[in-house]
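Engineer: This is the structure I have questions about; it appears just below.
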Ligand SMILES: [Zn+2]
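Printed below as a string of structure tokens:
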């Protein structure tokens, strides 16, 4: 595994930022640059069937070397990096034997990675950290996952004495813009279940995510000269205000955590005549989720009774669902991932994802796919970093899972 750093550097230096404004797949042509490199690297390792399809998805198989029938495991990571910050000209820095103090990422621009803002840094004293130079993100999300999968697969190919079933590899484009699962060919992939290697700190294991929907609301008012408006004007912006007041004030993102759901007013713009609102609805529990959607329908009815039919129009758009119901029937994939981490000397940390993952989508497409850690911290920005030792632990965890299923 001594080339893990070299491989990671090679991948992060390839610019693969995705673009939510794009309507094609992959959203940015440049994601093919990494896809092609990955096909070459997989082939060099001995993955003969590695290929990239016309939409930028990379697939490959480590063939079984065992006589008995064992589950086919999938390993998935995404190639794109978040559009939140540039991923061009990434210039990774190495901090050996980290001393627990401030790390100057960029002297000229005075950009410092500090335990005062990232207290978890203290866990990494004595480790080798890989950081940015302060001007880009690092792209450990998810090139750490990509690197860890390639490294684990290489190890398997070099150690035929380790027995295993078919291992399926999948690298996707456009995860960061929510489209990574869109064109994933689950049937051709042919795995019984998979893991996305796309989480944060060492030990993270995730198989619960939000149920998610959006409510698009259009309120139509009546405009009249304000001096003569009595009993005539309906100010749609004030109706919007009334609508907001009918929702529980404490169930908002800034006041919730853990398993608590929320209503998030993501956008509002309006005049007297017309106000548009976009609400994001999130809840881990099915009944809670349904209640939240019903709440909007109820508010629509109440306000239309007051202001006239058609004043408030609510459109609900369902986005994704909690994968838990798809994972629970195959709970062994969680239990064995936990065991694999424990065998690597780690403490598994099961946490609910306050968002969605490609794995959640894939789980509903017939491929149960929980998420495990990459080891990275502070994703999507200039303070992103990862410890080399964490990447090694991720590789070890992947290999342990494979060994457990061959037993
Ligand atoms: Zn990611």
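In this note's numbering, the protein residues as written are 26 to 432. Yeah, the Cβ is synthetic: ideal placement off N, Cα and C, and Gly gets one too.
Taking 7 Å as the cut-off, is the beta-carbon of residue 200 closer than that to any non-hydrogen atom of ligand 1?
Structural biologist: yes
Engineer: Quick check: residue 206 and residue 387, are their CB atoms within less than 8 Å of each other?
Structural biologist: yes
Engineer: Quick check for students: name the residue ranges of the beta strand (DSSP E) that lie wholly in the region 389-430, counting only runs of 3 or more.
Structural biologist: 396-398 and 410-412
Engineer: Taking residue 224 as part of the beta strand (DSSP E), name the residues at either end of that continuous run.
Structural biologist: 218-224
Engineer: Can you name, in chain order, every residue of its own chain whose Cβ lies under 7 Å from the Cβ of residue 342, other than the five neighbours on each side?
Structural biologist: 238, 239 and 241
Engineer: Assuming residue 416 contacts residue 169 under a Cβ cut-off of 8 Å, what Cβ separation, rounded to an integer in Å, is found between them?
Structural biologist: The pair is a contact, with the Cβ atoms about 6 Å apart (cut-off 8 Å).
Engineer: Exposed or buried, residue 92, counting other C-beta atoms within 10 Å across all chains shown (16 or more means buried)?
Structural biologist: exposed
Engineer: What residues does ligand 1 have around it, judged by CB closer than 5 Å to any heavy atom, in chain order?
Structural biologist: 166, 167 and 223
Engineer: Please go through the same chain and pick out, in chain order, the residues whose beta-carbon is closer than 6 Å to the beta-carbon of residue 374, but skip the five residues on each side of it.
Structural biologist: 228 and 229
Engineer: So what does DSSP say about residue 271, is it helix, strand or coil?
Structural biologist: Residue 271 carries a coil assignment under DSSP once its states are collapsed to helix, strand and coil.
Engineer: Could you tell me the alpha carbon to alpha carbon distance between residue 176 and residue 322, rounded to whole angstroms?
Structural biologist: 51 Å
Engineer: Which residue marks the beginning of the alpha helix (DSSP H) containing residue 177, and which one marks its end?
Structural biologist: 165-183
Engineer: Between residue 192 and residue 275, what straight-line distance do the alpha-carbon atoms span, to the nearest angstrom?
Structural biologist: 46 Å
Engineer: With a threshold of 16 other CB atoms inside 10 Å of the CB of residue 261, please say whether the residue is buried or exposed.
Structural biologist: buried
Engineer: Given a cut-off of 8 Å, decide if residue 407 and residue 106 are closer than it, judged by their beta-carbon atoms.
Structural biologist: no
Engineer: Evaluate residue 396 with the Cβ neighbour count: other Cβ atoms within 10 Å of its Cβ, from every protein chain shown; 16 or more gives buried, anything less gives exposed.
Structural biologist: buried
Engineer: Based on Cα-Cα distance, which residue from 289, 427 and 414 lies nearest to residue 28?
Structural biologist: 414
Engineer: Excluding the five sequence neighbours on either side, which residues of its own chain have a C-beta within less than 7 Å of the C-beta of residue 71, listed in chain order?
Structural biologist: 182
Engineer: If you check the beta carbons only, do residue 409 and residue 400 fall under 8 Å apart?
Structural biologist: With contacts defined as CB atoms closer than 8 Å, residue 409 and residue 400 fail to qualify as a contacting pair.
Engineer: For residue 209, name the three-state secondary structure that DSSP assigns.
Structural biologist: coil
Engineer: State the Cα-Cα distance for the pair residue 136 and residue 403, rounded to the nearest angstrom.
Structural biologist: 15 Å
Engineer: In the structure shown, what three-state DSSP assignment does residue 158 receive?
Structural biologist: coil
Engineer: Expressed to the nearest angstrom, what Euclidean distance is found between the alpha-carbon atoms of residue 295 and residue 103?
Structural biologist: When the Cα atoms are used, residue 295 and residue 103 turn out to be separated by approximately 38 Å.
Engineer: Using the rule of at least 16 other Cβ atoms within 10 Å of the residue's Cβ for burial, across every protein chain shown, is residue 88 buried or exposed?
Structural biologist: exposed
Engineer: By how many angstroms is the C-alpha of residue 61 removed from the C-alpha of residue 78?
Structural biologist: 10 Å
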